[in-house]
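Right, one structure below, let's go through it.
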Amino acid sequence: MIRRGTEKMKRVTRLVSTVVLAATVAMPLAASAADRSVKVLGWGAKSGPLKSFGVNSEAALRSAIAQINAAGGVKLGDGSSAPLEVISYEDSACKKDQNIAILRKTTSTTDAIVGMGATCSGSCQAMFGVLQKKVGDSSDSGVQMPILSDTCIRPGLAKISEWAFRNVPNEVAMYDKLFAWLRSENPDVKTFSGGTETDQGHSFITHTAIIVQAAVRHGFEWVGPSVPELGPKVKQGMKELQAAAKTQHWLMGDTNYSVQARKIKKQNPDMILVSSHPFSACGFLKEMKRQKVKPKLLVGLTSSASQETLNGCMSAAEGLIIPTGFAPITPEAVSANEIVSEAGGFLDLHSAAAWENAYLVKAAVEKAGISANSDTVAEDRRKFRDALASISESAGLIGPVTRDGATGEASKPYVYVQVVNGEWKVIHDPR
Amino acid sequence: MLEVKSLSKHFGGVQAVRELDLAVNAGDIFGVIGPNGSGKSTLVNLISGVFPATTGEIHFQGQSLSNLSPHARVRAGVARTFQNIRLFPGLTVWQNLWVARNSTEDTRAEGISFRWFRKSGPVKNEIDAMLEFSGLADKGDELASNLAFGEQRRLELARAAATKPRLLLLDEPAAGMNQEEVRDLGRRIRELRQQGMTIILIEHVMELVMGITDRIVVLNFGSKIAEGEPAAIRKDKSVQEAYLGQSEDG
Amino acid sequence: MDYFLNLVNTIGIHTLLGLSAYILLLTGQLSLAQAGFFAVGAYTAAVLTVILGWGILPAIGLAMLITGLLAFLVGFPALRVRGLMLVVATLAFGEFVRMFFYNFRWRVTQEGVEVGPDGTMGFSEIRYFAEHGWTSWEVTSLIWVFVILVMAIIWWADQTRSGAVLRAVGEDELAAGTVGIDVTVVKMAAMTAGGVIAGLAGSLYAHQITMLDHHAFTVLLATFAIAYPILGGVSNVFGTLVAVIFIQGLLVEGLRFLGDWRMLLFGALIIVVMNVKPRGLFDSQTLRWIKSVLRLHLSRRIS
Amino acid sequence: MDDFWFEFVEVTQSIGDGVLFGSTYALIGIGFTLIFGAMGKLNVAYAAAAMAGAYSSLAIYILFDAPLVVIFIVSAICAAILGYLVYLTCFRFIPVHNHLAALMASVGGLFFIDEVIVHATRGSPLAFPSMFSEAYFEVGPYGIRGDLLFVFFIGLISTGVLLYVLFRTRLGLATRAVAQQDVAARLCGMSIHLTNSTTFAVAGLLGGIAGAMTAAAVGILSPVMILPLTIKGLIVTVIGGLGSIPGAIIAGLFVGGFENVVMYFRGIDERDMYVVALLFIFLVFRPNGLFGKTITRD
C-alpha cells in the first residue's frame, strides 16, 4: 500500500519536474517573440508578509502602462510610436539575494531599459550597491542598469549609485510641515513621546533621525527618557535617542507591548508617535487602547497610511495622523484609484508612486529618444538614465514631483490623512 | 593484570555492583557468570568506562583506569563488545574494522592510495586478516547493517580485537547463537588468547564458559559469591542455589 | 550571462554553507549555529576590505580563522548537549550573533563618506569587486575555486579513515568511544571545520551581496544550512550540491514564472521530497541508478 | 523611598503582565513537548499550524458572524485538523528512525502554512476579536487586563484537561506507553500511528487555543508573528525540559515574566538576547531543563 503510494508520488514528481523544466525553457523564448516595444521589468515582494506591497505596486504599474498604451504609447527617437511593455513583474520576496538576482536577470537576459523595483529598503540598498557607482567610470565593474524604484523609502539611499532613482516622498519635509501645522492647529498640545520598531531600518531611522527632531523643531517637548543632545536638526541626538528610548521600542513580530505602552503612559504625553509598520503599529495601538492611554494627538509612520492599518486595527487607529504622498484628492488620483482597485490592488503612498513611475518612464523615454532595438539596449539604457537624471519635474497624481539633481532625491507633494470613522480622510492639504 | 578493588555502583537506590574484588591474570580466559541482573554487564561497563564507578578502584597493568574516558581505556589496552550488538550500521564491514584499528601512523598515508589503487599495505593486510579470522572475507564492502545476526556478532568481536587490546571484555557474545556457532566462537576466543589477549567472558551459555575458561567468578546481586576453576564452580552449592532461585522466579 | 553567473555564485556560496553543516551532520550533530558563523565571516571580511582596506584574499583568510576560533570556543559548551537540545542551543547561539550585529556599530569616515556597519541599518556598500573592476566571470571563478577546493577536501577526507571516524561518531557515539575514538576531539574538529567553512561562505556572501544586515542571518538561513545536506543526503558531498541546485536553482529561481505561487510550492516540494526520498535526493539508491544508467550507456557504445 | 515603591510597582506590574502573557508561550511549549514526548521528534510546523487555526476561526467568525465564544472552539478544532494533516504529510510516511527527514519535512510544513496564510490574506494584519477587552481591573496601584486574565484561565483550563486526559484515560496511557517503549507498546497491540495521530490532534487542539489566545491578546493576527512564536516556544520547551508538561508551563510563564523585566530595564535590543542567554545558562547548568529526565532517545 505504502509502496504503491510512493511509486505514484514518484511518477507525480517526475511529471511536475518535466513540466517545470519545459516551462523554464519556454518562458524566455515566448518573451523575446514580441515586436518592437519599450520594455520594462518590475519586481516587488509578492510573497512573505510584505506581499501587499508588491501586489499593489504591480497593479498600479500595469494599469498605468495600459493607460499609456491606450493613449498611443511612447514616441521613440525615430519619431515612431511604440507601446510600453511590462516583460514581467517578479517576486523578490523582500530578500537581498533575490533582488540582486532579478536585477542581473533584467540586465543580462532581457531588453528592458529600466528595472522597476523593489519593495524593501534593505534589499534596495543591496541592489543599489551592485550597480555602478558613477556613470561612465570604467574602473567600476558594477551593473549598468537604470533602476526606478517606488518603495525604497529609507533616507539617503539614492546617493549609493547614479543609476538608482526613486520616486519616494521626502520624509524630512513631510514631517517638518506636518508638525508646523499641528503646532498651529493645536496650541494646547505641548509634550510628546513615542516608540518605533527597531528591527525595521526604515521605521527606526525615520523615527529617531527625522520625526522626533521635526517635532522638537516646532516646539513640542520630548518627555520620554531624557536625551539632552536632542535638537531640531535632522539626526541631531539620534544615537543618544536610540540608546535612551529603547525600553519603549518594539520589534515587528512582537506580541506583547505592555511594558512599552505603560512606560509611555507614565510619561503622560499630549502627543504620541507610533513610527511603525501596520503589523506592530496595530499591536501597540491596541495595547494603548487597553491601558486607556488617550493622547490628544496620534502621529504615525508614512508606511502605515495604507489599507493594512485599517484591516488590522480600524478602531484602535482612530485619530491617527500620517503624512502621505497619495490621497484621491485630484481628478487624476481619483480615476487612477478606481482603475487600480479594479485591477485588484490598493493605491497608497507606495503604489501611487509605481503609477507615477510609469508616466515618468514615458517622459524619460521620449526625452531620451531611444531606438528600442534589441541591439541598442545598452545604449538605450544609458540614454534613458541620462534623460531621467535631467528631468527635474514631472507630473504626479496629486501634483508635480521635483527631483534634486545633486542628491538624486525626489520631492513630492503630500497631504495629511487621519483615520476618521474607520476611513482615511484628508485633513489638511498643504499643496 | 586487571585488579578491581571494592568496586561499587549505585543507580539511584539500586545497587548494581557492591564491594567487588577481582583479580585477572595475564593470558587467562576469565569467566563471569551469574543470574540476570546480577551486575555482570554493569561490571563490563565500569571496566570499559561507559559510566563511572560510585566507589572503588580499577587497576590495569599497574595503571589506574578510574579517571580515564572510554577511548583512553581502549588506548590503554582494554576493549569490549556489547551484549546488544553496537556496530556502525551505516559503515561497511571494512570501515568498521578500519575505524577500530586505531594507530594513525600508517593509515593516514594509506587512506586514498588503498581506495584508488587497491594497493596492499600493512593496514590492509592486517584488516584482511581480521576479515579472514571472522569469516567475513567476501563481505568487506557490505554495509554492517546488511549482515546476518551471527555475522554481526563476529564483526563486533573482530572490531574489538582490531584495537589490539591486552584485555578483551566480551559481554554475552554467544547470546542467540546455535550450538555450532557457539563452538565456532569458542575457537575464535582461544585464538585471540593465543595472540596474547587476556579475555573476560561474561556469558549465560554454560557450555562455552565451562569449556574454555581458566577461572570463573560468580556474581549474584552485585556481589561475588564464588570464584574458582570451572570444575569447582560446577559443584559449588551457593552457585547452584543462586541459579535455582532464579529459575524458580521464572 | 550575468544572471546565470550570479545564480552560480549563489549556488556556490550556499553549497559552502551547506557543507559546513554537512560535516557536523556526519558526526550526528544538527547545528543551527552555521548562520551565526556565516554572519561573523561576512562582517569580518567586509570590515577588513571596506574599513581597513585589505585585499579580498587576506580578508577571507582572516575571516575563516576568526570563525574557526569562534566555532572552537562555542563547541565546548554546545557539545555538552546533543539531539534536540543541541539544535536549540545552537539556534540560541545564532540568534545571539544576529542580535550582536543588530547592535554592532563601527562607522568611519572615508573620503567624506561614512562607511561601516551601522547597527540595525546594516552595513552597505561593500563594493570591493566592483571597485576593483572584477568582472562577473572573475567573481564566479573566485567563489568556485573555493567551492571546488572545499568539496574536494571533504570528499577526499571521506575516502580516508578520518571520514569513517566522523561517520562512526555520527552512527553511535558510545560504540565509537569503545573502539578508541576520542569523541569530543572528533566533534570539536568537525565543529571547527564547519565554522571555518561557514566563515568562508559568509565572507564571499558579503562581497557578492554588498549589503549586510541582521535580516539576512535569521533562523531561516540556519534552517537552509541544515536543509541542504538533509535534502541532498549525507552519503557524499555531491548531495549537498544537488540540494542547493534544487532549492536555489529550481525552487527559488526556476519557478519564477509561477509568480506569487512560487513560494507556496517551495514548502510543499520540500515535504514531497522528504516523503519520497527520506534519505535525501542524492542517496545511495540514486547513486546506483546513475551508475547503472552510465553503465548501460557505455555498454551500448561498446557494442 | 517613593521612587523605590514606584519602581517596585512598575517592575512587578511588568512581571505580572509578562507572566499572564507567558501562558501563550506555555501552551505552544506544551505542544512541542507533547509531540516530542510521544515521538521523540520535533514538529517545527506546530506554531504555524496553531496560528493557521486562529486564522481559520477568524474566517468562520467573519463569514458566519458566529458568536465570540465559538472562536476558541473553532480555532482549536481547525488546528487539530491541521495538526493531523501535518502528521500525515510530514511524519506518517517517513521511516520512524529517520529523525532528520521528519524534521526537514516539518520545516517544509512551516514554510507552506506560512505562505498559505500570506497568500490568503496578502500578508495584511487582521483585527482579531477579543473577549473582555474593555475589562481592566485596578487593584491598588496595579492594573490587570481582563482579556489577558481570561486568556490565562483558558490556558489553565485546557492544560488541566490535557493533564487529565494524559494521566487518567486509556488514550493518555497509550500515548505515554508509546512514548516510553514503542516496540513494547506495539507488541501489546497498540497502534503507533493511531496514538501518534491522536497526539498530534490533541497538541493541535491546544495549539489552536494558544493561537487564538495570542491573537486575542495582541488584538491582531499577522504572519510575522509565526516565526518569533516558534522560537519562543522551542526555548520554553527546552528550559522546561523536553517532554515535561509542567516544565513547559512553568518555563512559559517564567520566560514571559523574565522578558518583560529585561524589557523594562534594558530595552528591546537586549530583551531577546537575555532570553537566549537564559537558555544558555540552563543548557550549561541544567542540560535537561527544569523537569527533564535524562534523555535516552535523541
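Chains as they are written, first to last, in the numbering used here: chain E, 1 to 431; chain Y, 432 to 681; chain P, 682 to 984; chain Z, 985 to 1282. C-beta: ideal position from N, C-alpha, C; glycine also. Small disclaimer: the values here were computed from a predicted structure and weren't measured.
Listed along chain Y is no residue with a C-beta nearer than 9 Å to that of P:G797; the closest approach is about 45 Å. In this structure, E:A93 and E:A59 do not form a Cβ contact; the two beta carbons are roughly 18 Å apart against a cut-off of 8 Å.
Under a criterion of Cβ atoms nearer than 7 Å, the residues of chain Y adjacent to P:A845 are, in order, L522, Q526, W529, V530. DSSP places Z:I1078 outside any beta strand (DSSP E), giving it a letter other than H or E.
Counted as a single uninterrupted DSSP element, the alpha helix (DSSP H) harbouring Z:I1046 occupies residues 1030–1048. Contact annotation: in the stretch 554–581 of chain Y, no residue has its CB less than 8 Å from a CB in chain P. A Cβ-Cβ separation of about 7 Å places Y:I633 in contact with Y:L601 under the 8 Å criterion. Identification of chain P residues near Z:T1073 by a Cβ-Cβ cut-off of 8 Å yields I952, N956, ordered along the chain. E:P400 sits in a strand when the DSSP states are folded into three classes. Z:I1101 and Z:A1036 do touch by the CB rule: their CB atoms are close to 6 Å apart, below 8 Å.
Look at E:Q236 here: in three-state DSSP terms it is coil, with no helix or strand label. Per the DSSP secondary-structure output, E:K362 pairs with nothing in a beta bridge. Of the other Cβ atoms in all chains shown, fewer than 16 fall within 10 Å of the Cβ of P:W836; this residue is therefore exposed. Taking 8 Å as the cut-off, the Cβ atoms of Z:G1241 and Z:Y1009 do not count as close. Secondary structure at Y:P661: helix, using DSSP grouped into helix, strand and coil. Counting along the chain, P:M832 sits inside the alpha helix (DSSP H) bounded by residues 817–840. Using a CB distance cut-off of 8 Å, E:P278 counts as an interface residue toward chain Z.
Non-local beta-carbon contacts of P:S701 in its own chain, meaning distances under 6 Å to residues more than five positions away in sequence, involve Q715, G875, I878, A879 in chain order. With 16 or more other Cβ atoms inside 10 Å of its own Cβ, Y:L599 counts as buried. Taking 8 Å as the cut-off, the Cβ atoms of P:A740 and P:A726 count as close. The alpha carbon of P:L698 has as its nearest neighbour, out of P:T748, P:E792, P:V728, the alpha carbon of P:T748. In the same chain as Z:H1177, and ignoring 5 residues on each side of it, the C-beta atoms closer than 8 Å to its own belong to R1076, in chain order. Of the other Cβ atoms in all chains shown, 16 or more fall within 10 Å of the Cβ of E:E409; this residue is therefore buried. Interface criterion not met: the Cβ of Z:G1093 is under 8 Å from no Cβ in chain E. Taking C-beta atoms as the reference points, Z:L1133 and Z:V1028 fail to come closer than 8 Å.
In this structure, the beta-carbon distance from P:A845 to Y:Q526 falls below 8 Å.
Assignment of P:M869 by DSSP, reduced to helix, strand and coil, places it in the helix class. In this chain, the alpha helix (DSSP H) harbouring E:N99 covers 96–109. In terms of beta-carbon proximity, Y:R511 lines the interface with chain P, with at least one pair separated by less than 8 Å.
For Y:L453 and Y:A510, the gap between their C-alpha atoms comes out near 18 Å. Under DSSP, E:E423 shares a beta bridge with E:V420.
Non-local beta-carbon contacts of P:D853 in its own chain, meaning distances under 7 Å to residues more than five positions away in sequence, are absent.
Shown here, Z:I1219 sits in a helix according to DSSP, grouped into three states.
The beta strand (DSSP E) runs lying completely inside the stretch 1091–1159 of chain Z and spanning 3 residues or more are 1120–1123, 1126–1129, given in chain order. At a cut-off of 8 Å, the C-beta of E:A354 has no neighbouring C-beta in chain P. Within the stretch 481–506 of chain Y, those residues whose Cβ lies closer than 9 Å to any Cβ of chain P are, in chain order, V481, S500, P501, H502, A503, R504, V505, R506.
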